[in-house]
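Report on one structure; see the data block that follows.
Protein chains: 2
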Amino acid sequence: MLRLGFVTTNPNKLREAQLVVSRYGIELYPVTVRKIEIQSDSLEEIAVYAAKKAFEEVRQPLIVEDAGLFIDALNGFPGPYSSYVYRTIGVRGVLKLMEGVENRRARFVAVVALALSLDRIEVFRGVVEGTISYEPRGSGGFGFDPIFVPEGFDKTFAEMSTEEKCAVSHRARAFEAMARWLRENVQTLKPSTST
Amino acid sequence: MLRLGFVTTNPNKLREAQLVVSRYGIELYPVTVRKIEIQSDSLEEIAVYAAKKAFEEVRQPLIVEDAGLFIDALNGFPGPYSSYVYRTIGVRGVLKLMEGVENRRARFVAVVALALSLDRIEVFRGVVEGTISYEPRGSGGFGFDPIFVPEGFDKTFAEMSTEEKCAVSHRARAFEAMARWLRENVQTLKPSTST
Chain C
1 MLRLGFVTTN PNKLREAQLV VSRYGIELYP VTVRKIEIQS DSLEEIAVYA AKKAFEEVRQ
61 PLIVEDAGLF IDALNGFPGP YSSYVYRTIG VRGVLKLMEG VENRRARFVA VVALALSLDR
121 IEVFRGVVEG TISYEPRGSG GFGFDPIFVP EGFDKTFAEM STEEKCAVSH RARAFEAMAR
181 WLRENVQTLK PSTST
Chain X
1001 MLRLGFVTTN PNKLREAQLV VSRYGIELYP VTVRKIEIQS DSLEEIAVYA AKKAFEEVRQ
1061 PLIVEDAGLF IDALNGFPGP YSSYVYRTIG VRGVLKLMEG VENRRARFVA VVALALSLDR
1121 IEVFRGVVEG TISYEPRGSG GFGFDPIFVP EGFDKTFAEM STEEKCAVSH RARAFEAMAR
1181 WLRENVQTLK PSTST
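From first to last, the protein sequence lines stand for chains C and X.
Okay, so the first sequence: first residue is 1 according to the working numbering, each after it adds one.
Okay, so the second sequence: first residue is 1001 according to the working numbering, each after it adds one.
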């Protein structure tokens, strides 16, 4: 069993991530150190900076995740600032911006930065393509989940169970990539089935 | 004459600030070190962090300015992320969010952080109250200037000359406060009239 600190105050993120990595024998525990997020158009840059700063504080292997909803017709808005935009103009504001807009293409992107030491930070990316719905639907998930319909589905993320969402979500894909990498690169890590 | 580094890549900001502080015998020069802006709802926090990090790099007295447009009906949006919002959804996007909204109250806020040493950072704030117009007007200024009408005027910031804008703007007020503070607190600084 590998234990990794997860710098987050969002219990939804922790739950979604744990669901994915537990299959690989990884256990996540919340790290309460302050997450220093810089302003950048690049989720990678934000996550790497935050992971570095957090590692400097706690000196334990840890991960930082950053995610955002990128809407093509809005030039990528709200992107890295999705949580601020959610707190201010919200789902209704984004739907208003999309009124009369035919091109509904969007993607959720998640980046996980894994800090193993001060100068060793690995980065993993997960993407899910989709479209912006015309009205909010569903009560699951969080953030912009009620208006995001992943490709190949009729439901929004908020209409899916955590398990369904984790089968396709950006966050799940990023954490899956990290878990696979750890299995291949960390000697002490074994799949949970063999423990 | 006091020379101060200004960490900015925006020539408009430099010009507006210089116009204000030159009356106090202060000359600003651009500092090209990377400006590290954190994500925060507080302009003060963003400016102080950036000033500290820049000072660590260049070890010269320097200033960092951060500003934003805070719209009451949008819970303060776009706030500290005004420049990102401007680059993505732009003036048209903000006007669309304000369609049918009666409460047009907004304010521009600027914060100047002056780093004099690693542990001495002074902070100055400038605010201008106003309203969001119904359509963009004027071609001066930059950013959201074409839709901001300062209190007591019929014109938007973009319809004013740099001199007119500097008589009332948030940025001018923050820099004015800094210049006055420097005059009172820095021995070597004299008003330019006496040099």
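From the three backbone atoms N, C-alpha and C, an ideal C-beta is built for every residue, glycine too.
Asked, Found
"I'd like to know if the region 170-178 of chain C and the region 111-124 of chain C are in contact, where contact means that at least 3 CB-CB pairs between them fall below 8 Å.", "yes"
"Shorter than 8 Å from the beta carbon of K1096 (chain X) to some beta carbon of chain C?", "yes"
"Could you name the residues of the region 72-99 of chain C whose beta carbon sits closer than 9 Å to any beta carbon of chain X, in the order they occur along the chain?", "L74, N75, G76, F77, P78, G79, P80, Y81, S83, Y84, V85, R87, T88, I89, G90, G93, K96, L97, E99"
"Throw me the rounded Cβ distance for the F1157 (chain X) and K1165 (chain X) pair, which I believe falls under 8 Å.", "5 Å"
"Whose CA, out of X:L1004, X:E1056, X:Y1084, lies closest to the CA of G1143 (chain X)?", "X:Y1084"
"At least one CB of chain X closer than 8 Å to the CB of E37 (chain C): is that the case?", "yes"
"Per DSSP, Y1204 (chain X) is paired with what?", "Nothing can be reported for residue 1204 (chain X), as the shown portion of chain X is limited to 1001 through 1195."
"Sort C:R180, C:V186, C:F148 by Cα distance to V109 (chain C) and report the nearest one.", "C:F148"
"Rounded to whole angstroms, what is the Cα-Cα separation between S1169 (chain X) and P1150 (chain X)?", "8 Å"
"Quick one: what does DSSP say F1108 (chain X) is sitting in, helix, strand or coil?", "strand"
"Which value, in whole angstroms, describes the spacing of the CA atoms of L1043 (chain X) and M1 (chain C)?", "43 Å"
"Go to P136 (chain C), then tell me how far its beta strand (DSSP E) extends in each direction, as first and last residue.", "Unbroken run through P136 (chain C): none, as it is neither H nor E."
"Could you name the residues of the same chain whose beta carbon sits closer than 7 Å to that of S194 (chain C), not counting the 5 residues immediately before and after it, in chain order?", "Low local confidence applies: a pLDDT of 42 at S194 (chain C) is under 50, so the model's placement there is unreliable, with the coordinate-based value given in what follows. None."
"Kindly give me the distance between the Cβ atoms of R137 (chain C) and E163 (chain C), rounded to whole angstroms, as I take these residues to be in contact under 8 Å.", "Between E163 (chain C) and R137 (chain C) the Cβ distance is about 19 Å, and since that is not below 8 Å, they are no contact."
"At the level of alpha carbons, what is the spacing between I26 (chain C) and N185 (chain C)?", "14 Å"
"For a quick check, are the C-beta atoms of G93 (chain C) and G79 (chain C) less than 8 Å apart?", "no"
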